Amino acid sequence: MRATKPARGALWGVARLCVEGGPLRQIWPALRSLARRWLILPGGEAMLEAVNTALAPLCTDPKVGTLLGEAALDQVVRTLHAARMPRGRCGDAAVFVGTPRQARGLSFAATRVLGLAEGVLPAAPEEDPVLPGRAYAVDRPLLDLHEIDRAVRDTRRTLVLSAARLGVDGAARMPSPVLLEVAAALGREIAVHGGGAGGGGGARGARGGGDGHAAVGASGGGAPGAEGAEVAAEKVLALLAEGGWEGEIAPDAPDLPLPGLPGQRAITVAELLDLLGCPQRFLLSGVLGFTPKGAMPRGRHLRTVAHGKLLRRTLEAFYLEHGEAFGGRARPLPTWETLLDGVVREVYTEHLAMTPRVGMAMREQQRERLRRDARLFLAQDWCGGRPRQFLEVEEPFEVALPAGTSPLRVAGTTFRMDVDRRHLLVRDLQPGRCPPRGAEAPLPEHDLPVAMAGLAAKHRAASLGLTVAAATSYAGVQVPSERPYLDDFEVLAGAAQQWLEVLGKLLQTRAFPHTPRQEDCRRCAFLSVCGHEAIGRGERRLAIAMQPALRGFAGLKGQHADEVPGDGRELPAP
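Here the UniProt record's numbering is used: the first residue of the sequence shown is 1, the next is one more, and so on.
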């Protein structure tokens, strides 16, 4: 204690000066003398002189120099925080600690990004449905992604990304979508190192991705057919970029795993819709394993498809618990609506635990939207109180259907199955707008899913002595809200057999032309790769096609063979 007495005395003198309300012109010299005599400064006296250079003019200022006591001490602290001391030379090794935005313009040999947890980086903004749309013109999550991208590109040698398993509150934290996307691009699972609250997961790898809009899925757990992606991945993109792609696989090319064909896995209904929309897109995504980059989750509202999936989960939970009693109309409709509201709350609470946080008003709006659409379907299903025998909800199926020279194995899910009088009623639930059913023939892009479910249910209907009826319900407030095939399902079944024959021949002959319709390319991830001229190229290709598969696809798209669109010039046959 005796050795520290001089230092304590000097510190006591500065403290007394501050407590008694001494001016800045007296406090700073005393504090500077204390620091020079008794403190070991990290930068030596050079740092002290840098602060003195900024404070000396303030001490002589007639207004600032008269600051007293704590106000004078606060001025010293502010000046100390703002002071910058030049040290070293440009290019010398240095360590930077800050946010990606603060690192803008700096280049690093090694970079470590911490805290890549969901909702942190990129941040999930608190949103309110009352605010106008222009309030969200500045997309904060997108800006965060740009800053991270810039920091990664400015790293020359080593990059480490990590996320804590637990937050400061002890709750488990999910990895950020950035970390998951990097791990997927590297083609393997995230490697987790360490443990406890301070443990983190780092994703490292030697392979890098290109700047394209799609990446090749890795073999083993990637997209279906990804094991054949190495056959022609780079060549396919090169042909597309050059405009020379005609959508056919060379006869001498290695076999590709085409789903649905004998010896391969079943093709899903979603893949059939993709093949129907654009066979070339189906080849790139479903066969070669190119997977479009998914959009970052947004906290503002649920997109139509995401809302449709959440609605199906809600109704599935309700019918699993109350399906038989509801089908028998054991209680009045208001009672069922009250029970459904409870299911909506449970399902939406689970959904919030897996999505970015949003404002309270936005959460209530989205929950009310889910409750409204669930009640609308329930009222439609009530059917005036006429009883129905409930059978299944979200029932998977796999069936072999005739298609061309060999059967096509199709897999999917039947949303609802009931016995309604003399019919086995099969129903599907879709988001989006309901196209009214008139006198025209069935529409494949709208009726294919429920047609597949109806064909798969034929055997069960025959065993019950019933005939199949089908209908597609659409979520939301709209009139009409259903496309029914009740007494004329055979019309839909006949059209579906023709669709399957065309799609089956495309797979069997390995022909994957580009769609000739502009609306099929909306929001397509491969649009920038195919080019805008691909529509006209696909039209001309199908117009002169000689193969039955291509001619059938042209008819399915409403284009008649031998009618060359555009400039009318005939192209040589392949």
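Glycine included, each C-beta is placed from N, C-alpha and C at the ideal position. Note that the coordinates shown come from a computational prediction; the quantities given were computed from them, not determined experimentally.
- Taking residue 379 as reference, the option from 362, 289, 350 and 473 with the minimal CA-CA separation is 473.
- Membership of residue 112 in the beta strand (DSSP E) is indicated by the continuous run 108-113.
- Counted as a single uninterrupted DSSP element, the stretch harbouring residue 168 is not any alpha helix (DSSP H), since DSSP gives it neither H nor E.
- Remark: three or more beta-carbon pairs, one from each stretch, lie closer than 8 Å, so the segment 397-408 and the segment 448-460 are flagged as touching.
- In chain order, 343, 344, 347, 370 and 374 place their CB closer than 7 Å to the CB of residue 314, counting only its own chain and leaving out the 5 sequence neighbours on each side.
- Per DSSP, the unbroken beta strand (DSSP E) holding residue 412 starts and ends at 406-420.
- For residue 25, the CB contacts under 6 Å within the same chain, skipping 5 residues up- and downstream, are 59 and 65 in chain order.
- Comparing alpha-carbon positions, the option among 165, 55 and 49 lying closest to residue 74 turns out to be 55.
- In summary, residue 12 is exposed, with fewer than 16 beta-carbon neighbours lying within 10 Å of its beta-carbon over all protein chains present.
- Between residue 161 and residue 179, the gap from beta carbon to beta carbon is short of 8 Å.
- Per the coordinates, the alpha-carbon of residue 278 lies some 10 Å from the alpha-carbon of residue 538.
- Taken atom to atom, the span from the alpha-carbon of residue 503 to that of residue 287 is near 15 Å.
- Counting other Cβ atoms within 10 Å of its Cβ, residue 102 stays below 16 and is therefore classed as exposed.
- Per the Cβ contact rule, the segment 383-395 is in contact with the segment 411-426 (3 or more Cβ pairs under 8 Å).
- Counting along the chain, no alpha helix (DSSP H) covers residue 391; the unbroken beta strand (DSSP E) around it starts and ends at 389-403.
- In this structure, residue 469 sits near residue 489, with a CB-CB distance shorter than 8 Å.
- Here residue 155 carries a strand assignment [DSSP, helix/strand/coil].
- DSSP lists 471 as the beta-bridge partner residues of residue 484.
- The beta carbon of residue 167 lies closer than 6 Å to those of 173 in the same chain, with the five residues before and after it left out.
- The distance from the Cβ of residue 269 to that of residue 316 is about 17 Å, inconsistent with a contact at the 8 Å cut-off.
- In this chain, the beta strand (DSSP E) harbouring residue 430 covers 423-430.
- DSSP, read as helix, strand or coil, puts residue 161 in strand.
- The count of Cβ pairs closer than 8 Å, one atom from the segment 521-532 and one from the segment 421-440, stays below three, leaving the stretches out of contact.
- For residue 41, there is no enclosing alpha helix (DSSP H), as DSSP marks it with neither H nor E.
- Distances from the alpha-carbon of residue 450 to those of 93, 159, 262 and 485 put 485 closest.
- For residue 68, the pairing in a beta bridge is given by DSSP as 23.
- Judged by DSSP secondary structure, residue 53 falls within the alpha helix (DSSP H) whose first and last residues are 45-60.
- No residue range can be given for residue 263, since it is assigned to no alpha helix (DSSP H) and is classified by DSSP as neither H nor E.
- The shortest CA-to-CA distance from residue 275 to any of 527, 33 and 505 is the one to 505.
- Between residue 171 and residue 351, the alpha-carbon positions lie close to 17 Å from each other.
- Following the DSSP letters along the chain, one finds residue 116 in no alpha helix (DSSP H), marked with neither H nor E.
- Between the alpha carbons of residue 487 and residue 442 lies a distance of about 14 Å.
- When beta bridges are read from the DSSP output, residue 175 appears opposite 117.
- Distance from the Cα of residue 349 is smallest, within the candidate group 381, 143 and 368, for 368.
- Residue state for residue 304 is assigned as helix, using DSSP reduced to three classes.
- Residue pairing by DSSP places residue 267 opposite 410 in a beta bridge.
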